[in-house]
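Take a look at the structure set out below.
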Amino acid sequence: MAVEKLLHFVGLSDEDSANLRLALRAGKKTLTDDWAWGPEARADVIVVDARRLLGEAAKRRAQQRDVPCAEVVEAGDPRPNGLYLRRPFKRDALVALLNAVSAGNVTAASGTASSAWGGEDEIEFDMGSIDLSALESRYSGQRDAGAHRSDPDQLAAAAQNTADDLAIDLSRMPPLHGDDPPGDKPSRSGKSPAKAPGGSPAVPSAAVEEDFEPVDPKATYSFLDFFERRLLRVPSKLSLPGTPVLSVDPKARTFLTQGSLAAMETYARRKWRHAAWEPLSPSEAAALERSAFTKPTLALVWMYHFIHSKGMLSRKFNPNGDFALNNRFNVVVEYPLVHRVGTFLTSPRKLHEIARLARVDIDLVYDVINAYDAVGYVDGTLRA
7 MAVEKLLHFV GLSDEDSANL RLALRAGKKT LTDDWAWGPE ARADVIVVDA
57 RRLLGEAAKR RAQQRDVPCA EVVEAGDPRP NGLYLRRPFK RDALVALLNA
107 VSAGNVTAAS GTASSAWGGE DEIEFDMGSI DLSALESRYS GQRDAGAHRS
157 DPDQLAAAAQ NTADDLAIDL SRMPPLHGDD PPGDKPSRSG KSPAKAPGGS
207 PAVPSAAVEE DFEPVDPKAT YSFLDFFERR LLRVPSKLSL PGTPVLSVDP
257 KARTFLTQGS LAAMETYARR KWRHAAWEPL SPSEAAALER SAFTKPTLAL
307 VWMYHFIHSK GMLSRKFNPN GDFALNNRFN VVVEYPLVHR VGTFLTSPRK
357 LHEIARLARV DIDLVYDVIN AYDAVGYVDG TLRA
């Protein structure tokens, strides 16, 4: 009898996700089990684009949970370690991957396989093109996002919920102020990560190879580009008059600032030339590496998507579906309304219900969902 199993994508484009969803539909009759989309926390296999921050983070979470994880790579890319799906996609390859997971032949997130697969340490699932004409229509149009201001009633309401909220997931929240004590910081999985020299969480060697993109010195880039496209090669800092300096370690994927996360919005709202980032001196780089107060650059990615969301839910989501967060940041001080929305996302709920309970506009709920989805923290209903 077929068993229901769950598949989850992290860091893939809308087009990639649509292709794979169509491939799953087309191959449904040849699958051993009934496969459907589900939350990352319960997924039986995860497909990621590890070149993106959220994809790499999801890959690490999968490895920690011993869940099979396949990377999406380009046609001409070298073979990564473990499972991978190569563009252009083919239906039969996705079916082969899912049936292997169903049979238990894919044993770990590392992608190793049992003798039923010939004892290979690496399995390639080549996938070819799929006709996109069957894709359903998507939402069109944009609307301007309102400013997410805090009024006294909302601030008071958020404060009243703080204690309960922190009791729920304090162990999973990376603090966004420099007030956390020195010592080991828990990872998002709740496990203590390995440490690199200087106290920063160690990053697997495959994640810190020289996979940086080439830089055009005359071009301007969005703030997000420097993190998702890996345009920084050495520890660097960004500064503006009247704004706290932002220092970033691109290999450790951490940042340090004397200001709040909200103060970094000044940087996130502008485009930058690569030359605007000043390399840190050896002493500054050493201080950044030793600091106990660094935060993950994933928080900057979250902030960028939040302030640029424009109050429109991502087109991949079903606005009538159920949504919950599998993790979140501690933003009770900088973004109290966001914090309040998060208190009602600890279990699956409809978006209109969240807006009603949190006493906020639905646009803000959309922005919160989009921001957390950008870093892989949303379990939500996708469009059919």
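Those letters in the sequence shown? Residues 7 to 390, per the numbering used here, in order.
All C-beta atoms in this analysis are idealised placements derived from N, C-alpha and C, irrespective of residue type, glycine included.
Less than 8 Å between the C-beta atoms of residue i and residue j, yes or no?
i, j, result
"T226", "L246", "no"
"K243", "E284", "yes"
"Y1", "R321", "A query on residue 1 cannot be resolved here, the shown segment of the chain reaching from 7 to 390 and no further."
"S287", "N376", "no"
"L351", "A305", "no"
"L230", "Y341", "no"
"V254", "P241", "yes"
"P302", "R259", "yes"
"G33", "V107", "no"
"I52", "A64", "yes"
"V381", "W278", "no"
"R275", "I313", "yes"
With distance defined between alpha-carbon atoms, name the residue in the options nearest to residue i.
i, options, result
"L103", "H311, D39, L59", "D39"
"G17", "K11, C75, W41", "C75"
"L30", "I360, V371, F95, L319", "F95"
"G327", "Q69, Y372, V73", "Y372"
"S23", "V78, D72, R48", "V78"
"L370", "P354, L388, D379, L343", "L343"
"R355", "N324, V381, A64, V338", "N324"
"L13", "A68, N111, P86, R259", "A68"
"E10", "D72, T387, A42", "A42"
"F299", "V73, G265, T249, S289", "G265"
"D50", "R66, R71, K35", "R71"
"S353", "A47, D20, A109", "A47"
"R97", "L28, P223, S289, A81", "L28"
For residue i, which residues in the same chain have their Cβ closer than 6 Å to its Cβ, ignoring the five residues on either side in sequence?
i, result
"N105", "T38"
"D385", "P45, A330, N332"
"A364", "R346, V347, F350"
"V374", "V344, V347"
"P250", "T263, Q264, G265, A269"
"E80", "R93"
"T387", "N324, G327, D328"
Identify, in the order they occur along the chain, each residue of the same chain with its Cβ nearer than 7 Å to the Cβ of residue i, setting aside the five sequence neighbours on each side.
i, result
"L252", "K243, L244, F261, T263, M270, Y273"
"G61", "V16, G17, V54, D55"
"A282", "L244"
"T168", "Note on T168: pLDDT 34, under 50, position unreliable in the model; no value is reported."
"A151", "Residue confidence for A151 is low, a pLDDT of 35 falling below 50, so the modelled location carries little weight; the figure read from the coordinates is stated next. Cβ neighbours of A151 beyond the five flanking positions: S315, K316, G317, D369, D373."
"H358", "I368"
"T36", "V101"
"S19", "none"
Between residue i and the rest of its own chain, which residues show a CB-CB distance below 8 Å, the 5 nearest in sequence each way excluded?
i, result
"R58", "G17, E234"
"L237", "F218, E219, V221, Y227, D231, H280"
"V400", "No answer is possible for residue 400: the residues shown for the chain start at 7 and end at 390."
"I360", "F329, V347, F350, L351, V371"
"D83", "R92"
"P223", "R279, H280, A281"
"E290", "P241, K243, S253"
Continuous alpha helix (DSSP H) assignments of at least 4 residues falling wholly in the region 268-297: 271-274, 288-296
Could I get the ranges of all uninterrupted alpha helix (DSSP H) runs contained in the region 61-116, with 4 residues as the minimum, in chain order? 97-109
Secondary structure, beta strand (DSSP E): runs of 3+ residues fully inside the region 298-386: 328-331, 384-386
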